[in-house]
Amino acid sequence: MERIRHFTPSWFAVTMGTGVLPVVFHQLPYGLAQHLYWPCVALLGLNVVLLFLFTIATVLRYIFFPGIFRLMLLHPQQSLFLGTIPMGFATAINAATSLLVETKGWGGDGLLDFLWGMYWFDFALSAVVCVGMIHVVSTKHPLTLDQITATILLPFVPPIVAAALGAQLGTALAETHPGRAQLTLFVSYASLGLGLPTAMLLLSAYTVRLVLQGAPPRGALTSVVLPLGPLGQGGLAFISLGELAQKIVTLQDLETSTIPTNSIFGVGVMGDFAFIYGVVSGMLLWGFGLCWLCLALETFGEAIFRKQGPKFGMPWWGLTFPLGVYTLLTLSLSVALAPTPISFFLEALGSALAATLFLIWLYVAMRTLILGIEGSMFDAPCLQNLEELPMLAADGPGPEEEEIEMEARSWRDGSVRTMAE
Numbered sequence: 047m048e049r050i051r052h053f054t055p056s057w058f059a060v061t062m063g064t065g066v067l068p069v070v071f072h073q074l075p076y077g078l079a080q081h082l083y084w085p086c087v088a089l090l091g092l093n094v095v096l097l098f099l100f101t102i103a104t105v106l107r108y109i110f111f112p113g114i115f116r117l118m119l120l121h122p123q124q125s126l127f128l129g130t131i132p133m134g135f136a137t138a139i140n141a142a143t144s145l146l147v148e149t150k151g152w153g154g155d156g157l158l159d160f161l162w163g164m165y166w167f168d169f170a171l172s173a174v175v176c177v178g179m180i181h182v183v184s185t186k187h188p189l190t191l192d193q194i195t196a197t198i199l200l201p202f203v204p205p206i207v208a209a210a211l212g213a214q215l216g217t218a219l220a221e222t223h224p225g226r227a228q229l230t231l232f233v234s235y236a237s238l239g240l241g242l243p244t245a246m247l248l249l250s251a252y253t254v255r256l257v258l259q260g261a262p263p264r265g266a267l268t269s270v271v272l273p274l275g276p277l278g279q280g281g282l283a284f285i286s287l288g289e290l291a292q293k294i295v296t297l298q299d300l301e302t303s304t305i306p307t308n309s310i311f312g313v314g315v316m317g318d319f320a321f322i323y324g325v326v327s328g329m330l331l332w333g334f335g336l337c338w339l340c341l342a343l344e345t346f347g348e349a350i351f352r353k354q355g356p357k358f359g360m361p362w363w364g365l366t367f368p369l370g371v372y373t374l375l376t377l378s379l380s381v382a383l384a385p386t387p388i389s390f391f392l393e394a395l396g397s398a399l400a401a402t403l404f405l406i407w408l409y410v411a412m413r414t415l416i417l418g419i420e421g422s423m424f425d426a427p428c429l430q431n432l433e434e435l436p437m438l439a440a441d442g443p444g445p446e447e448e449e450i451e452m453e454a455r456s457w458r459d460g461s462v463r464t465m466a467e
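Written out as structure tokens, the structure is:
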């Protein structure tokens with residue numbers, strides 16, 4: 047029960063890192079995707095099991111300790127990890143659509159309908175987390191410049207992930223359910239518009255923090271990779287949605303339909319334009335992501351040289367998903383730009399990044415398994431200074447909101463410095 051009590055939302059980062067692997071492997075060139083199909087299915091199965099277990103643990107945590115939810119929400123770092131929940135589900139839905147429905151045709155319309163329904167659930171959850179956390183961050187725990195780390199991006203990336211997921215499902219729906227595919231295309235573009243600009247604004251704030259305050263503290267050092275998340279996923283969403291638009295936004299016979307002449311379905315090149323725009327946008331975001339990848343390597347190299355590398359913990363899972371989606375963007379660009387020399391370069395680079403991703407995942411997963419069995423991975427920061435109130439959450443609603451907020455603020459003032467050490 048104590049492990050349930052300390053089961054934080056950050057555990058869903060495990061499902062993100064695990065779930066992105068089969069999606070990456072299934073896009074590998076040189077015929078590797080076909081050879082890795084069954085390992086991809088095994089990873090998908092593992093991710094589904096993890097999602098089920100983590101969801102049960104989360105539900106039990108807030109059933110038995112309902113007051114902890116407010117403490118978590120008022121915590122300036124742990125609340126940001128709420129964004130990992132919809133992203134974890136999105137990776138499983140994406141992989142299932144690609145591996146089971148599109149590749150093998152398993153499950154028929156029943157499985158496709160279920161996955162489409164899960165897409166709507168994931169989109170709604172992503173939107174709630176994104177918009178809700180803007181309010182929480184601005185009103186419950188406003189940050190000073192030196193307290194900003196790249197984890198601030200986490201709640202605002204899920205709509206971007208949902209947009210790329212919508213493109214995947216829209217492609218699967220295009221032939222049999224074109225109306226659903228068109229609806230999914232529109233909603234996915236809107237989802238991309240919800241998440242990407244917000245993430246870019248916060249990325250600007252993080253950049254200012256780096257320029258004025260220097261690298262993040264040792265405990266948050268792994269977060270320097272997180273900017274690859276919105277950039278890689280955003281570029282991938284642009285390309286994928288462009289490909290979908292090219293398939294379903296086609297010229298209609300205006301003489302026999304009720305489509306107005308100023309509709310996008312009355313423009314013959316609209317789908318092609320969306321695809322070209324998506325590829326160009328993807329290239330721009332890929333270049334920006336390359337800057338952050340190099341910055342992350344420089345930051346890690348300097349920290350290791352000074353023997354100030356980050357201690358192992360749950361934040362290490364932040365190395366997997368951002369690198370995974372940036373790898374997917376690299377591989378998608380290699381296909382979109384084929385058969386040019388840059389395409390061959392991107393294929394090789396994407397394959398190298400995929401191999402690196404697998405090695406990182408293998409190391410982090412093994413360390414997490416060992417430390418998880420020991421129990422040291424189960425540590426809720428929002429409870430660290432509240433051990434004098436161990437039964438706070440178990441007694442029902444607990445103290446009034448104002449008392450909890452005062453306690454949380456007192457924790458924050460004294461713990462931000464502790465986390466930085």
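Counting from 1, position 242 in the sequence shown corresponds to residue 288 in the working numbering; the numbering is continuous, with no gaps. All C-beta atoms, glycine included, are put in the ideal place defined by N, C-alpha and C. The structure displayed is predicted, hence computed values, not measured ones.
Task: Through-space distance from Val295 to Gly288, alpha-carbon basis - done: If you take the alpha carbons of Gly288 and Val295, they lie about 10 Å apart.
Task: Best match in Thr373, Gly275, Ser250 and Ile419 for proximity to Ala208 [C-alpha to C-alpha] - done: Gly275
Task: Rounded distance between the beta-carbons of Thr197 and Leu272, thought under 8 Å - done: 7 Å
Task: Straight-line gap, Asp192 to Leu120 (C-alpha atoms, nearest Å) - done: 19 Å
TODO: Report whether the distance from the Cβ of Ala103 to the nearest heavy atom of the ligand ATP is below 7 Å.
DONE: The ligand ATP is not part of this structure, which contains no ligands at all.
TODO: For Leu343, count neighbouring C-beta atoms within 10 Å of its own C-beta (all shown protein chains included) and say buried if the count is 16 or more, exposed if not.
DONE: exposed
TODO: Buried or exposed for Pro436, please, with buried defined as at least 16 other CB atoms from any protein chain shown within 10 angstroms of its CB.
DONE: With a pLDDT of 44 at Pro436, under the threshold of 50, the modelled position of that residue is not reliable, and no figure is offered here.
Open item on the list: Three or more C-beta pairs under 8 Å: does that hold for the segment 150 to 167 against the segment 65 to 80?
Closed with: no
Open item on the list: Spatial neighbours of Leu211 within its chain, please: C-beta separation below 7 Å, excluding the five flanking residues on both sides.
Closed with: Ala136, Ile139, Asn140, Tyr165 and Asp168
Open item on the list: Distance check for Leu128 and Ile450, CA to CA, integer angstroms please.
Closed with: Confidence at Ile450 is low in this model, with a pLDDT of 49, below 50, so the placement of that residue is unreliable and no value is reported for it.
Open item on the list: Give me the residue from Gly63, Ser56, Leu67 and Leu97 with the minimum Cα distance to Ser144.
Closed with: Leu67
Open item on the list: Between the alpha carbons of Gly260 and Ile180, how many angstroms are there, rounded?
Closed with: Going by the C-alpha atoms only, they are around 25 Å apart.
TODO: Quick one: grab the DSSP three-state call for Tyr76.
DONE: coil
Task: Proximity winner among Gly396, Ser269, Leu369 and Leu90, relative to Val381 (alpha-carbon distances) - done: From the listed residues Gly396, Ser269, Leu369 and Leu90, the smallest Cα separation to Val381 is found for Gly396.
Open item on the list: Please classify Phe110 as buried or exposed, where buried requires at least 16 other C-beta atoms within 10 Å of its C-beta.
Closed with: Answer is exposed; the Cβ neighbour count stays below 16.
- [ ] Could you name each continuous beta strand (DSSP E) segment of 3 residues or more that falls completely within the segment 199 to 259, going from the start of the chain to the end?
- [x] none
Task: Secondary structure, beta strand (DSSP E): runs of 3+ residues fully inside the segment 106 to 154 - done: Runs found: none.
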